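As given, the protein sequences belong to chains A and B, one line each in that order.
To get our numbering, take the position in the first sequence, counting from 1, and add 48.
To get our numbering, take the position in the second sequence, counting from 1, and add 48.
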Amino acid sequence: MSHMLLAEAAKITAPSVSYHALAPILIVLGAALVGVLAEAVLPRSERYAAQLIITLGSLVAALVSVALLHGTSETTVSGALAIDGGGLFIQGSVLALSIVSVLLMAERSVDIVSPIVASAALVVGSPADRQLARSPRIQTEIFPLALFAVAGMLIFPVSNNLLLMFVALEVLSLPLYLMAGLSRRRRLLSQEAALKYFLLGAFASAFFLYGVALLYGYANSVDLPKILAAAQQSTKSDVLLYVGLALLLVGLLFKAGIAPFHSWTPDVYQGSPTPVTAFMASCTKIAAFGAILRVLYVGFNTTAWNWRPVVWAVAIASMAVGAIFGLTQTDLKRILAYSSIAHAGFILVGIVALSKDGLSSVMFYVLTYGFSTLAAFGLLMLVRDADGEATHLAQWSGLARKSPLVATIMTILLMSMAGIPLTAGFIGKFFVFRAAYHVAAPLVVMALVFSAIAAFYYLRIVVLMFFAEPPEHGPTIAIPGWSTSVALTLGVLVTVVLGIVPQPILDLAAKAAHLVG
Amino acid sequence: MSHDWTLVALVLIPLVGSILVFSLKEAQAKLAKQISLAVSLIVVVYTAVVGFRFDTGPNAARFQFQGSWTWIRAFGVHLAFGVDGIALVLVGMSVLLVPAVILASWNSLDSRAGSEEAPTPTGHRRSVKNYFALLLLLEFFMIGVFTATDVFLFYVFFEAMLVPMYFIIGIFGGPRRQYAAMKFFLYSLIGGLLMLASVIGLYVTTGSRSFAITDLIGRVPDTATQKWLFLGFFIACAINAPLVPFHTWLPDAGAEAPAGGAALLVGVLDKVGTFGFLRYCLPLFPAASRWFAPTVLILSVIGILYAAFLAIGQRDMKRLVAYTSVAHFGFIGLGIFAFTTQGGTGAVLYMVNHGLSTGALFIVVGLLIARGKSRNVDDYGGAAKVTPILAGLFLLAGLSALALPGMSTFVSEFLVLVGTFTRHKGLAILATTGIILAAIYVLYLYQRTFQGAVSEKVLKFRDLNAREILSVAPLLALIVFLGVYPKPVLDIINPAIKDTLTNVHQTDPAPTLGTAVGGVK
Numbered sequence: 049m050s051h052m053l054l055a056e057a058a059k060i061t062a063p064s065v066s067y068h069a070l071a072p073i074l075i076v077l078g079a080a081l082v083g084v085l086a087e088a089v090l091p092r093s094e095r096y097a098a099q100l101i102i103t104l105g106s107l108v109a110a111l112v113s114v115a116l117l118h119g120t121s122e123t124t125v126s127g128a129l130a131i132d133g134g135g136l137f138i139q140g141s142v143l144a145l146s147i148v149s150v151l152l153m154a155e156r157s158v159d160i161v162s163p164i165v166a167s168a169a170l171v172v173g174s175p176a177d178r179q180l181a182r183s184p185r186i187q188t189e190i191f192p193l194a195l196f197a198v199a200g201m202l203i204f205p206v207s208n209n210l211l212l213m214f215v216a217l218e219v220l221s222l223p224l225y226l227m228a229g230l231s232r233r234r235r236l237l238s239q240e241a242a243l244k245y246f247l248l249g250a251f252a253s254a255f256f257l258y259g260v261a262l263l264y265g266y267a268n269s270v271d272l273p274k275i276l277a278a279a280q281q282s283t284k285s286d287v288l289l290y291v292g293l294a295l296l297l298v299g300l301l302f303k304a305g306i307a308p309f310h311s312w313t314p315d316v317y318q319g320s321p322t323p324v325t326a327f328m329a330s331c332t333k334i335a336a337f338g339a340i341l342r343v344l345y346v347g348f349n350t351t352a353w354n355w356r357p358v359v360w361a362v363a364i365a366s367m368a369v370g371a372i373f374g375l376t377q378t379d380l381k382r383i384l385a386y387s388s389i390a391h392a393g394f395i396l397v398g399i400v401a402l403s404k405d406g407l408s409s410v411m412f413y414v415l416t417y418g419f420s421t422l423a424a425f426g427l428l429m430l431v432r433d434a435d436g437e438a439t440h441l442a443q444w445s446g447l448a449r450k451s452p453l454v455a456t457i458m459t460i461l462l463m464s465m466a467g468i469p470l471t472a473g474f475i476g477k478f479f480v481f482r483a484a485y486h487v488a489a490p491l492v493v494m495a496l497v498f499s500a501i502a503a504f505y506y507l508r509i510v511v512l513m514f515f516a517e518p519p520e521h522g523p524t525i526a527i528p529g530w531s532t533s534v535a536l537t538l539g540v541l542v543t544v545v546l547g548i549v550p551q552p553i554l555d556l557a558a559k560a561a562h563l564v565g
Numbered sequence: 049m050s051h052d053w054t055l056v057a058l059v060l061i062p063l064v065g066s067i068l069v070f071s072l073k074e075a076q077a078k079l080a081k082q083i084s085l086a087v088s089l090i091v092v093v094y095t096a097v098v099g100f101r102f103d104t105g106p107n108a109a110r111f112q113f114q115g116s117w118t119w120i121r122a123f124g125v126h127l128a129f130g131v132d133g134i135a136l137v138l139v140g141m142s143v144l145l146v147p148a149v150i151l152a153s154w155n156s157l158d159s160r161a162g163s164e165e166a167p168t169p170t171g172h173r174r175s176v177k178n179y180f181a182l183l184l185l186l187e188f189f190m191i192g193v194f195t196a197t198d199v200f201l202f203y204v205f206f207e208a209m210l211v212p213m214y215f216i217i218g219i220f221g222g223p224r225r226q227y228a229a230m231k232f233f234l235y236s237l238i239g240g241l242l243m244l245a246s247v248i249g250l251y252v253t254t255g256s257r258s259f260a261i262t263d264l265i266g267r268v269p270d271t272a273t274q275k276w277l278f279l280g281f282f283i284a285c286a287i288n289a290p291l292v293p294f295h296t297w298l299p300d301a302g303a304e305a306p307a308g309g310a311a312l313l314v315g316v317l318d319k320v321g322t323f324g325f326l327r328y329c330l331p332l333f334p335a336a337s338r339w340f341a342p343t344v345l346i347l348s349v350i351g352i353l354y355a356a357f358l359a360i361g362q363r364d365m366k367r368l369v370a371y372t373s374v375a376h377f378g379f380i381g382l383g384i385f386a387f388t389t390q391g392g393t394g395a396v397l398y399m400v401n402h403g404l405s406t407g408a409l410f411i412v413v414g415l416l417i418a419r420g421k422s423r424n425v426d427d428y429g430g431a432a433k434v435t436p437i438l439a440g441l442f443l444l445a446g447l448s449a450l451a452l453p454g455m456s457t458f459v460s461e462f463l464v465l466v467g468t469f470t471r472h473k474g475l476a477i478l479a480t481t482g483i484i485l486a487a488i489y490v491l492y493l494y495q496r497t498f499q500g501a502v503s504e505k506v507l508k509f510r511d512l513n514a515r516e517i518l519s520v521a522p523l524l525a526l527i528v529f530l531g532v533y534p535k536p537v538l539d540i541i542n543p544a545i546k547d548t549l550t551n552v553h554q555t556d557p558a559p560t561l562g563t564a565v566g567g568v569k
């Protein structure tokens, strides 16, 4: 038996690997491994600085290598990975935003040493846990975990092979499940978030895998281009194809936090440590949209008339859920979570366009939205009371009196999310809606109506901050450390600058708007 | 493509001033006021120079001082500025109001004597320099919105303009300011987003690679498409104007905004709506405009009568003035959608006059409220004996609002009614009764506040000081001047209106015996 297998194995030729095209992924994965080693080898006092250097250094190096790869358009590893303009743009966005997220994770000034707990597995409320809450002990595993997640996010949007895409999905998800449970304050909520995210995520992954199996049954391959070819030529019944695509989409829509697969979003966003929430809301979302773009544009391009109504429905559901349910929330993290659901719907409007413009508009949108939402979550870290972050809406009333700067920055970010002109959010919305207008004018009008509804809760925050009297025992504004300051500055700068001079990034997105099949 | 910097400089002066004032310290409130006033006066002088250089000759181009720079190449968006007669007179009116408002609000925030409201329980003082910086920022957007000749740029200014106004109402307004600011912003935002849908639709359906207004006129051939796109622009402008039934935000916003803010809100911001009708709705969608005209005319007449009745019944003085404005917008809508030169010219002159007259009215009402600390009419009475100067100016502003002959408002109202009568006799007659109602609400207001027995509270009032007189007297003087000699302004407006009507394919009906009025020459 075994010699037969060996004989079979001899026939498999090793695929050619274009290592330079994989450089960004390899750099991040390598650094993640080095980070694990550093955690084991270095003395505790030196770990923080070392991990920060490894993490930021590798992310910057990967970003540079992505920039150097510009113009590449090839498939490698037997066509399993497609390094093309679209993929590189998404990779670059993920890397840029993960750098900012890591800066938030590195915050040391606002809480006792760090917003990240040292020992996440302790039973909540036990004596050891209470002791931990007061101790200045920190652990730095979060940095290698983040690097693994980023590595998964880099592979996810460039996989032309569904099995590889599944592996990437798991690589990016597993560290996130852990990171969600690492909050220093409100431990129970954080553990609940982690468990919820893990269980629902596992279901979604199972759906995804089932979809891959059905598609394999239909096309005899898990490569997207071959599935496309099979859909064009096959005389078989299309049931497997559509059911397979539907199941595949369930998994992807779950990761992107799109209704009706959004129910984890508010709870997980609320429970996770805020820097991790920021990371999930920006990087995970971008990677997931990158994968959705690739699946729909490369694998199911010709069956668009069949899936487009589904994406319409999902987009409308997502915008409606995000805009309407967001109105009833009283916690800022949950409001931003619902806002992210609504924004996912707007992004889907661009995907419906199924054109070069649609592709570049989606890429532009996710980038700008990522920066705004990242900075907004970063700001939440600064407004604190004795229990940690003060995220209840009432605690933010009259904030402008205490800190005009924080209130002004938050207002700019919220205006961008609401799509007010002279912010990046407006340009993104305009671009997406313009791209979709040809094929989906009614959808665009609905999207505009939902943006108006969503604007209500953004404005409510502004009203509270500027027009209301501050409460008597209100929260205090913490002075952020250097890393958070840099992250916030970057987020706001991108939001404002891309609102006024968007042309360079628009050019970049237009140039990058192609996917190889 | 021309690169005339004239208008760019005009737009940028207030912006620079605003940034300068924002960057001052709270303790430098006095300096902030002085800088703001100086900047606003520089803008007035600069605008006057531009106005004198504006060519009104028979061969003059419609848009002058045009300058255009590429902004977002991917969308075909330009930073394009230019003025025609309509835009020029509206810019002139706007920049005149700003120094008046600055002068009138000089002490309204820092000294209790000048404040309109009782101090807040926490004793919190509102930031003085931010108020003046916001006023200048608003001026920047106002000039931008009138001078933009690129539809996208117009939209950007149209929406961005809401932000400073929102803060002016929300931070510096009356007790229900949160509600009013929110309502104002949401109404305008919904309108704005509908307009955005139309802007995108315009771009897609015309296949034009540019948003320049001159590239888009006459490019939407299909009437059905025109109707949809028209609705987007129309609803946005109708909310902004505000036309009945989209008006309900104005009384709240007008009442809660500080008097200076209210003067700019009703005087200028709302003109953007009617300006939008003339500049965008009519030329871009001529067939749709003709199709919708009867509806708009009827809504306008309803607005004139309905709002006038509501104004008569108001006890809150600022709400009253806000309702009178809704009625006046009815006249403007009537003039625009009558599609006659007299009507159109009258409507534009009406916009200018109304800006000046309502601005003046809000300022004098604000001055009265600052003395009595109440917006309620019943708290006053017999004030004319104590404060004769205030009473005189109040009466003058009031008379200009009711379009007394000799005031410029009379000229415009007359032109609008004549222009409407040549096409729609019934509507013109109905609208004319609005004049009588106007006399009732203005005189009734004056009578209740300034005539009759002197109430005890009123006895302590002090009359206007030189600064306060200076804030409103020039506006009233201009109203009287234009009432006697409106020709210079009419000469500027007329060619642009004729051009607009050509776009809508409308010519004036031949004069008949029924319309034996000289017309405007």
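All C-beta atoms, glycine included, are put in the ideal place defined by N, C-alpha and C.
A quick note: this is a predicted structure, and the numbers were derived from the prediction, not measured.
Any C-beta of chain A under 8 Å from that of residue i
i       : result
G309(B) : no
E207(B) : yes
V459(B) : no
M230(B) : yes
Residues that residue i bridges to, as DSSP identifies them
i       : result
F129(B) : G115(B) and A196(B)
H553(B) : Paired residue(s): none; H553(B) is not in a bridge.
S231(A) : I164(A)
T124(A) : L129(A)
P573(B) : The question about residue 573(B) has no answer, for chain B in this structure spans 49 to 569.
G436(A) : D433(A)
Proximal residues of chain B, C-beta to C-beta of residue i below 7 Å
i       : result
Y485(A) : I248, G249 and V252
A216(A) : Per Cβ cutoff of 7 Å: no residues; A216(A) is ~31 Å from chain B at best.
Sub-8 Å separation of residue i and residue j beta-carbons
i       : j       : result
V59(B)  : G192(B) : yes
F394(A) : V316(A) : no
G240(B) : E187(B) : no
V43(A)  : G565(A) : Here chain A has residues from 49 to 565 only, and residue 43(A) is not among them.
V143(B) : T95(B)  : yes
P72(A)  : V114(A) : yes
I360(B) : G482(B) : no
A449(B) : T406(B) : yes
Chain B contact for residue i (CB, 8 Å cutoff)
i       : result
Q377(A) : no
V492(A) : yes
Contacts of residue i in chain B (Cβ-Cβ under 8 Å)
i       : result
S499(A) : L241
L470(A) : V204 and A208
L496(A) : L241, L242, L244 and A245
Within chain A, partners of residue i - CB distance below 9 Å
i       : result
A122(B) : S408, F479, P550, Q551, L554, D555, A557 and A558
R225(B) : F515
Output needed in chain order: residues of the segment 70-99 of chain A with a Cβ under 7 Å from some Cβ in chain B.
Cβ contacts with chain B: none found.
Going along the chain, which residues of the segment 502-536 of chain A sit with their C-beta nearer than 9 Å to a C-beta in chain B?
A503, F504, L507, R508, V510, V511, L512, F514, F515, A516, E517 and P518
Pull out every residue of the segment 539-556 of chain A whose Cβ sits closer than 8 Å to any Cβ of chain B, in chain order.
P550, Q551, L554 and D555
Taking beta-carbon pairs under 9 Å, can you tell me which members of the segment 70-96 of chain B lie near chain A?
none
At a CB distance below 8 Å, what residues from the segment 275-287 of chain B approach chain A? Give them in sequence order.
Sequence-ordered contacts of the segment 275-287 of chain B with chain A are nonexistent [C-beta pairs closer than 8 Å].
Can you give me, in chain order, the residues of the segment 325-352 of chain B that have a beta carbon less than 8 Å from any beta carbon in chain C?
As a matter of chain content, chain C is missing from the structure shown, whose protein chains are A and B.
Short of 7 Å Cβ to Cβ, which residues in the segment 376-400 of chain B face chain A?
Cβ contacts with chain A come from no residue of the segment 376-400 of chain B.
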